[in-house]
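Here the sequence shown is numbered in the numbering used here, starting from 505 and rising by one per residue.
Quick reminder that beta carbons are idealized off the backbone N, C-alpha and C, glycines included.
To start, the structure under review is shown below, and the notes come after it.
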Amino acid sequence: MFWDKKMETLKSKDLESLQLKRLKTTVHAVQDIGFYRDQFAKAEISPADIKTLDDVEKLPFTRKQDLRDGYPFGFFAVPLKQIVRIHTTSGTTGKPTVVGYTRKDLDTWANLIARNMTMIGVTEDDIFQNMVNYGMFTGGLGFHYGAEKIGMTVIPSATGNTRRQIEMIRDFGVTTIHCTPSYAMHLSEVAEEMHEDLPTLKTGIFGAEPWSDTMRHTLEERLGVTAYDSYGMSELFGPGVAFECPERNGLHIWHDSYFVEIINPKTGERLSDGERGELVVTPLVKEAMPLIRYRTGDVTMLMEDGCLCGRGKKLARLTGRSDDMLIIRGINVFPSQIEHVLLRIPEVGNQFMVYIDRINHLDEMTVEVEINRSHFSGELADLAKIQKKVVKELHDTLELRTTVKLVEPGSLPRFEGKAKRVIDRRSDM
Ligand SMILES: [Zn+2]
């Protein structure tokens, strides 16, 4: 099913001419923003130099730090009275990033989300429980207005009170849920404790943190849903930038609205389809806060083959933000790899924490994981065997020696929003 069939299936010639037209508009729109005025002057370029889509490479990159430096309103391209909403990104380090929206932006964003949700077959007949934070985080209101646009029955349950969430799913006959994959896992554990099997659920939309295909199978089995991956970031409106279609082999990104490049993060050079690198996006339809060549820090590639569903080129599933990547004794480790290994081992549960320390100048990684309730007999010999198995499996995948601590079921923290499973204590030393 399509929400906007014409835009979703534009043929390359029509798509490219629309992209060029919108790119020119965007470059005009940013020229009075201080950062771009300086950058354009430095590179001796003006909007008139953009004649073809390849000319985008003449334009400067925009980095997250540039947005922080512009705090709070330095990147707004319209007067504040035209901005009808502000969101901020979670500032894990330093100041948050502020993003603004005009009335038209909010409508454009809701329509992009309506495209995503219609693509996976949800309609006005569906009942949608949106279990993410409704505050400054864009995930709550973003999905809310997209789902309302379709005409779904929306339950803005936000996060917290998991037992109440489960009662609402049961009592209201909820068919579709949206949350982080970690929260979905927690939800399934609590549903199990309550002996609720939630038979009306059919669709799960999970995003805001990277998750593996193993996690997908686990969530599908435990919740009885078909699970779809959703990718977004506040700088590019919020959620809804890229989304899986029913093929669930890569994420569609709306090329009429986002101009996509994949670059080598070290050299800035553009890579070909099928080559993995950093995702760089120039949004083509933003009014309040247009950006040029925004470096997402996320690692992916443009997939060469088209899609059976008839929409444009897809992005490969994202393996993690370059910020999430840990370097331990010179080896690159993504927390999603650890999760992937642990989910394959039936004797341990789904909850884990990773601690990284520097001891005698050497990086040491400790993984704490809960024993699966059904394997928790208290027999020390059994535990030693399981522990050895986890160490070996982690070593086989990561090529890294780790210390594994098995802990009691239910003893590790559960997360309602983005999970914080990695505690890097090296900087404290
Ligand atoms: Zn598709």
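Asked	Found
With distance defined between alpha-carbon atoms, name the residue in 725, 910, 923, 846 nearest to residue 695.	725
Have a look at 926, 896, 875 and flag the residue whose alpha-carbon is nearest the alpha-carbon of residue 912.	875
In whole angstroms, give me the CA-to-CA distance for residue 658 and residue 794.	30 Å
Would residue 557 and residue 524 be called neighbours here (beta carbons separated by less than 8 Å)?	yes
Return helix, strand or coil for residue 615, following the three-state DSSP convention.	helix
Can you give me the C-alpha to C-alpha distance between residue 601 and residue 845, rounded to a whole angstrom?	34 Å
With burial defined as no fewer than 16 other Cβ atoms inside 10 Å of the residue's Cβ, what is the status of residue 577: buried or exposed?	exposed
Pull up the distance between the alpha-carbon of residue 796 and that of residue 701, whole angstroms please.	47 Å
Please classify residue 933: does DSSP put it in a helix, a strand, or coil?	Note that residue 933 scores a pLDDT of 39, beneath 50, so its modelled location is shaky and nothing firm can be said.
Within 10 angstroms of the Cβ of residue 836, are there 16 or more other Cβ atoms? Answer buried if so, exposed if not.	exposed
Please work out which residues of its chain come closer than 8 Å, Cβ to Cβ, to residue 667, disregarding the five sequence neighbours upstream and downstream, and give them in chain order.	694, 698
Whole angstroms are fine: how far does the CA of residue 610 sit from the CA of residue 787?	14 Å
Enumerate in chain order the residues of its own chain whose CB-to-CB distance from residue 705 is below 7 Å, with the five nearest sequence positions on each side excluded.	673, 678, 679, 681, 727, 728, 729
Using the C-alpha atoms, what's the distance from residue 910 back to residue 896?	14 Å
For residue 821, is the beta carbon positioned less than 7 Å from some heavy atom of ligand 1?	no
Count the other CB atoms, across all protein chains shown, that sit within 10 Å of the CB of residue 505; report buried if there are 16 or more and exposed otherwise.	exposed
Which residue marks the beginning of the beta strand (DSSP E) containing residue 593, and which one marks its end?	Counting along the chain, residue 593 falls outside any beta strand (DSSP E), and DSSP gives it neither H nor E.
How far does the beta strand (DSSP E) with residue 908 in it reach, from first residue to last?	907-911
Identify, in the order they occur along the chain, each residue of the same chain with its Cβ nearer than 7 Å to the Cβ of residue 719, setting aside the five sequence neighbours on each side.	685, 843, 847
Smallest Cα separation from residue 920: which of 637, 820, 545, 762?	637
Taking only heavy atoms of ligand 1 into account, decide whether any of them is closer than 7 Å to the Cβ of residue 934.	This structure cannot settle anything about residue 934, because the visible part of the chain is limited to 505 through 933.
Where DSSP assigns a beta bridge to residue 781, which residues make up the other side?	804
Using the C-alpha atoms, what's the distance from residue 752 back to residue 509?	19 Å
Considering only residues of the same chain and omitting the five flanking positions on each side of residue 894, which have a CB-CB separation below 7 Å?	849, 852, 873, 908
Is there a Cβ of chain D sitting closer than 8 Å to that of residue 818, yes or no?	In the displayed structure, chain D is absent; only one protein chain is listed.
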